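In the order they appear, the protein sequences are chains R and W. Heads up, the first sequence stops at 105 in our numbering, and the numbers go up one at a time, no gaps. Heads up, the second sequence stops at 327 in our numbering, and the numbers go up one at a time, no gaps. Below is one structure; the comments refer to it alone.
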Amino acid sequence: MYLMCGLCGALGQGPSWEQEGIAGGEARWRLRRQAAAVATELTSLLASKRITVGANPDFGLIVSFPTGGTDIVKDLAEFWHLLQRRGVGIPDPLDGP
Amino acid sequence: MIQSSIIPVHVLTGFLGSGKTTLLNRALDAGFGPETAVIVNEFGDVGLDQLFLQTRSEETIVLKSGCVCCTVRTDLVSTLLSLAGRRGGLPHPFRRIIVETSGISDPLPILQTLRSDFNLLTRFRVGAVVCTVDASQCGEIQIARESVAQITAADVIVVTKQNIAGGLASHAVRQRLAVLNPLADVISPEGKGLIDWIYRHETMPDDAARAGYLDALSFAPAPTHNVRSVVIRTTAPASWSRFAIWLTRLVAVHGDRILRVKGVLFDAERGVWLGVHGVRRFFYPPVHLALDRDPACGSCLVFITEGLDPARIEASYRRLVGTEA
């Protein structure tokens, strides 16, 4: 059985990454690659707000704000919560192009 | 797949007087007793439910002085950890825990507690949400906001008091439930129906049935109580990263109005089917499904919303996630 990581949507082995971690070099490589893809997507999404996102699979997402502040979050749910807590409006995915 | 060291915690919810304790008594009597620990939550200052719970469980604990979904969440965590600590010393170690909520509880915070507390994560997993609905009080579903939260969070709905309500009213209730939560199984309380359902839920390789009942979702339920649903039929997301960002962003912005998400999606990169399941802002860990055959519905996502046009979600998915050709 495999699970999708809450961080990035990458898939790893075991009933839960939180409980058993990921197994094998390929899974770790895949996690790193997809974490980087998530960070790139998020940075692009939030470009107008000058927020940049980096990925470190060992820590989570590293979020840098235009005022110089930096935060680390462990997954996407925490990421959006962080934006809300900092008063950054989350672009509504239901809004049209 | 059974994870014997990880104890499933099932949540028994339902509005006031809908028959939760009666159903629990019946399940304990019918074979659940020796292998089930029970946590009962009462809202009032004086706990009464435990008096009505003619329990056959060796471990029954009452959480008083508050609603388990808000004021006594800390108590729930400590109680679960205490149960886990005592489990090894019991002559018949329990295999599951059932949390009976108060009638006005929202089950969602309980699920969130189980998934967010690190100490719980290593010992427990979220089981099923069982919801009782009183067929004789079906009109109340339209009134009680709590009922809608309970019903839409349920994996299985037990329609009680059908003998009082009569056949027509019971049928009407089932039709209404099919609109409010087309993803839940609806069963009757008689016999061992619930026990068999729980056993199946605990032992089935994770939720292969999920694809099965999504297959059956070929109808378009009429909107009721401002609750609506949509089935997004698609091929595999072009990018799993993009899909994860879209889904979590959607839930972050509109989570209060997205009552339920469930779906199966084909992961073309690895050639497997992925199951996705969420209740408002709570998401179960997505899993790769062990399916004997491809689901007839293909890749699809079901959204149940309240006060939100689900067609906008479908349009957003197609615009922002995209699909492989």
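Cβ coordinates follow ideal geometry from the N, Cα and C atoms, glycine included. Computed from a predicted structure; not experimentally measured.
Can you name, in chain order, every residue of its own chain whose Cβ lies under 6 angstroms from the Cβ of A222 of chain W, other than the five neighbours on each side? Only weak support exists for where A222 of chain W lies, its pLDDT of 44 falling under 50; the value from the coordinates is given anyway. Excluding sequence neighbours, A222 of chain W sits near nothing in its chain.
To the nearest whole angstrom, what separates the beta carbons of V161 of chain W and S149 of chain W, a pair I think is in contact under 8 angstroms? Wrong, their Cβ atoms sit about 13 angstroms apart, outside the cutoff.
In the DSSP output, what is N64 of chain R paired with across the bridge? R:G68
Under 7 angstroms Cβ-Cβ, which residues of chain R neighbour L252 of chain W? P101
Residue range of the unbroken alpha helix (DSSP H) whose run includes P93 of chain W: Taken as a continuous stretch (DSSP letters only), P93 of chain W belongs to no alpha helix (DSSP H), as it is neither H nor E.
Taking R261 of chain W as the reference, give the member of W:V40, W:Q152, W:A317 with the closest Cα. The sequence shown places Leu at residue 261 of chain W, not Arg. It is W:Q152 whose Cα lies nearest to the Cα of L261 of chain W.
Taking DSSP's pairing of strands, which residues face A246 of chain W in a bridge? According to DSSP, which records beta bridges pairwise, A246 of chain W is partnered with nothing at all.
So for V175 of chain W, helix, strand or coil by DSSP? helix
Is DSSP giving D296 of chain W helix, strand or coil here? coil
Excluding five sequence neighbours on each side, which residues of the same chain lie with their C-beta closer than 7 angstroms to the C-beta of N3 of chain R? No statement about residue 3 of chain R is possible, as the shown extent of chain R runs from 9 to 105 and does not include it.
From W:E37, W:S104, W:W275, W:R98, residue whose alpha carbon lies closest to that of T15 of chain W: W:S104
Listed by chain order, chain A residues near R89 of chain W by CB distance under 7 angstroms: In summary, chain A is missing from the structure at hand, where the protein chains are R and W.
Excluding the five sequence neighbours on either side, which residues of its own chain have a C-beta within less than 6 angstroms of the C-beta of S138 of chain W, listed in chain order? K163, I166, A167
For L116 of chain W, tell me which candidate among W:L291, W:K264, W:V13, W:L26 has the shortest Cα-Cα distance. W:V13
Closer than 9 angstroms at the beta carbon, the chain W residues around L84 of chain R: A246, I247, L249, T250, R251, A254
Leaving out five residues on either side along the sequence, give the residues of the same chain with a beta carbon under 6 angstroms from the beta carbon of R98 of chain W. P10, T38
Presumed contact (8 angstroms Cβ cut-off) between D136 of chain W and V158 of chain W, rounded CB distance: With a Cβ gap of about 16 angstroms, D136 of chain W and V158 of chain W do not count as contacting.
Taking Cβ positions only, does A45 of chain R come closer than 8 angstroms to chain W? yes
With 16 as the cutoff for other CB atoms within 10 Å, does T78 of chain R come out buried or exposed? exposed
Span of the alpha helix (DSSP H) around L122 of chain W: 120-123
Check whether chain R comes within 8 angstroms of S318 of chain W, counting only Cβ atoms and requiring the distance to be less than that. yes
Below 8 angstroms between beta carbons: does that hold for S301 of chain W and L252 of chain W? no
Beta-bridge pairing of F268 of chain W - partner residues as DSSP gives them: W:W275
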